[in-house]
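Remarks on the structure that follows.
Residue numbers (the numbering used here): 4 to 631.
Shown next as structure tokens:
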């Protein structure tokens with residue numbers, strides 16, 4: 004897929020979203036009881052240039068709320084990172100529920116959070132509106148909100164913690180944020196009542212303390228720390244792969260200790276080797292105090308083939324001592340990870356599709372005469388859409404989706420993150436800025452095209468191909484998983500694909516290793532099938548079988564072509580390869596990469612002339628597959 008950059012349309016537009024919508028279930032629940040939920044905006048932490056805030060929705064309506072949406076705006080502040088909600092818009096902002104927090108029982112609350120940049124001395128405290136709130140707005144400031152440092156909490160480096168922009172990372176520091184322990188809390192001795200059962204330490208000294216506790220008779224105290232990764236650990240037992248958990252713990256610093264950031268981190272064993280790759284996932288952060296107990300709470304999704312180890316409660320200050328109490332974990336809401344369980348209004352039917360791409364930036368009028376799935380060749384790549392930072396050129400992509408919707412065929416987005424044809428400006432940003440821009444790009448694409456059936460989320464990430472170095476800079480070595488997490492968050496109904504170049508013929512084993520390492524973060528794999536000329540049917544089948552047997556994910560032939568001006572050579576290769584694709588039970592669809600002579604990226608790969616005259620390979624396709 005080494006295509007030339009499609010010229011950016013001079014017409015540019017910035018994404019704007021309608022705000023203030025709420026699901027019908029929520030509206031009915033609210034109206035039928037003539038009451039509204041309490042929507043509270045809270046500044047959780049604040050520093051010279053930024054802030055962390057949360058919005059809590061407490062259901063005081065007397066009836067369950069099913070799905071919710073709220074909106075707010077700023078005069079000068081702007082959001083840079085988010086968690087625990089689907090965000091859209093660009094000041095004003097809209098936040099709506101994700102799959103696991105859309106239902107709010109009577110008397111219960113849900114919270115979501117975000118980090119922002121400020122251009123004023125004090126972080127703004129805007130009103131929160133939306134049908135679920137009914138105009139009733141409350142705002143508060145957490146005790147820790149006074150400026151304390153010129154460094155944002157999320158900027159602290161920590162060797163054992165994934166980037167703070169992980170989904171589900173919270174920054175709650177309120178002592179009364181309306182948090183409710185899950186009804187199915189299965190933490191054993193989370194309150195430290197039964198000695199130190201399930202409590203331990205990575206380093207330092209852990210003791211059962213009766214000097215200070217949040218509840219009951221004791222808490223766990225860690226002292227003697229000499230590094231920021233030294234922390235308390237809690238053994239929660241085994242976790243179910245692919246399930247999401249609500250994890251929380253209350254913390255308090257030793258007397259006289261200045262406020263400091265506490266981090267809740269999941270420790271999981273590596274899936275493949277003895278290295279530390281992806282061993283740790285940050286769940287939540289909060290600014291702790293020595294004068295009151297503060298909540299650290301977030302959501303963690305277990306993934307991987309080996310046993311979960313434990314949660315770590317650690318501090319960015321390497322020497323402080325602190326208490327922990329009332330550890331809880333519950334939920335176990337399954338995360339959808341299989342394409343077979345997804346639904347989309349534009350998803351392909353059970354019959355295998357034969358798709359193609361746009362031609363020189365346009366959809367030909369004869370497209371659906373031959374093809375029943377469409378992929379933008381270049382128009383949907385990040386560099387084409389956002390050539391200028393924060394200025395979107397959606398017009399070419401809009402035309403593709405309009406055509407697909409009118410003709411009831413699925414669209415495959417191509418591609419979210421790739422080391423080529425990305426915006427040139429992305430390479431000039433800091434890691435945190437890059438992370439925010441990647442999330443913004445994925446969020447805004449998904450908001451505009453929520454009916455996207457399939458997405459090449461990460462493209463050509465095998466070493467030696469064209470991996471996205473900017474994404475690795477932003478998210479570290481687990482950058483692929485982080486990008487897929489964002490795609491899952493913002494495009495929950497799409498099939499998420501790891502796509503790579505010539506993984507049938509070259510770097511075959513390397514691709515398998517890469518795909519296996521991603522586990523259930525990916526829904527499917529895309530096999531670019533360029534340059535297969537000369538491979539036998541048996542060779543192609545063996546390669547596909549091997550990928551399926553080792554990776555176990557549905558397969559899409561994403562970019563097939565045979566480049567040769569000799570008609571018979573092209574025909575013979577199509578006759579060898581295409582039946583293998585079509586008949587393989589785990590290949591879900593085939594996308595041919597262009598079909599008009601002289602308008603394909605590989606010379607000689609076109610299947611017909613501009614006037615519609617087919618080459619022999621096209622005639623064979625028409626007679627045996629397309630018209631069948």
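Just so you know, even glycine gets a beta-carbon here, dropped at the ideal spot from N, CA and C.
The structure displayed is predicted, hence computed values, not measured ones.
Its chain contains 233 as the residues whose beta carbon lies nearer than 6 angstroms to that of residue 206, once the 5 sequence neighbours on both sides are disregarded; these appear in chain order. DSSP places residue 44 in the strand class (E or B) of the three-state scheme. The C-beta separation of residue 503 from residue 463 comes to about 5 angstroms, placing the pair in contact by the 8 angstroms criterion. With contacts defined as CB atoms closer than 7 angstroms, residue 527 and residue 559 qualify as a contacting pair. Here residue 68 carries a strand assignment [DSSP, helix/strand/coil]. Distance from the CA atom of residue 41 to the CA atom of residue 63, rounded to whole angstroms, is 7 angstroms.
Within the same chain, 70, 71 come within 6 angstroms of residue 100 by CB-CB distance, once the 5 residues on both sides are set aside.
At the C-beta level, residue 332 and residue 186 stay beyond 7 angstroms of one another. Excluding the 5 residues flanking it on each side, residue 200 has same chain C-beta neighbours closer than 6 angstroms at 192, in chain order. In this structure, residue 595 sits near residue 359, with a CB-CB distance shorter than 7 angstroms.
The C-beta of residue 553 has fewer than 16 other C-beta atoms within 10 Å across all chains shown, which makes the residue exposed.
For residue 189, the three-state secondary structure derived from DSSP is coil. Apart from sequence neighbours up to five positions away, the residues of its chain that approach residue 105 with a beta-carbon distance below 6 angstroms are 70, ordered along the chain. The beta-bridge partner set that DSSP reports for residue 113 consists of 60.
DSSP places residue 77 outside both helix and strand once states are collapsed to three, so it counts as coil. Taking every protein chain shown into account, the CB of residue 243 has fewer than 16 other CB atoms within 10 angstroms, so this residue is exposed.
Distance check between residue 458 and each of 612, 415, 620 places 415 closest, using alpha-carbon atoms only. Residue environment for residue 438: buried (at least 16 other C-beta atoms within 10 angstroms of its C-beta). If you draw a 10 Å sphere on the C-beta of residue 297, you find 16 or more other C-beta atoms in it, and that means buried. Counting only runs of 3+ residues, the beta strand (DSSP E) found wholly inside the region 428-475 occupies 457-462, in chain order. With a cutoff of 7 angstroms on beta-carbon distance, residue 194 and residue 219 are scored as near each other. Residue range 370-373 is occupied by the alpha helix (DSSP H) that includes residue 370. About 6 angstroms separates the beta carbons of residue 67 and residue 109, which is inside the 8 angstroms limit, making them a contact pair.
Annotation for residue 111: 62, 183 place their beta carbon closer than 6 angstroms to its own, counting only its chain and skipping 5 residues before and after.
The C-beta separation of residue 602 from residue 362 comes to about 5 angstroms, placing the pair in contact by the 8 angstroms criterion. The continuous alpha helix (DSSP H) containing residue 386 extends over residues 385-388. Three or more Cβ pairs closer than 8 angstroms define a contact, and the region 425-433 meets that threshold against the region 470-483.
In the three-state scheme derived from DSSP, where H, G and I count as helix and E and B as strand, residue 526 is classed as coil.
Following the DSSP letters along the chain, one finds residue 300 inside the beta strand (DSSP E) bounded by residues 297-304. DSSP places residue 311 inside the beta strand (DSSP E), whose first and last residues are 311-318. Residue 623 sits in a helix when the DSSP states are folded into three classes. Using a 10 angstroms sphere on the CB of residue 612, the tally of other CB atoms stays under 16, which defines it as exposed.
Taking residue 621 as reference, the option from 190, 571, 532, 605 with the minimal CA-CA separation is 571. According to the DSSP assignment, residue 493 belongs to the alpha helix (DSSP H) that extends over 482-493. Straight across, the Cα-Cα distance linking residue 491 with residue 213 is about 44 angstroms. The C-beta distance from residue 255 to residue 293 rounds to 7 angstroms, short enough to meet the 8 angstroms contact threshold.
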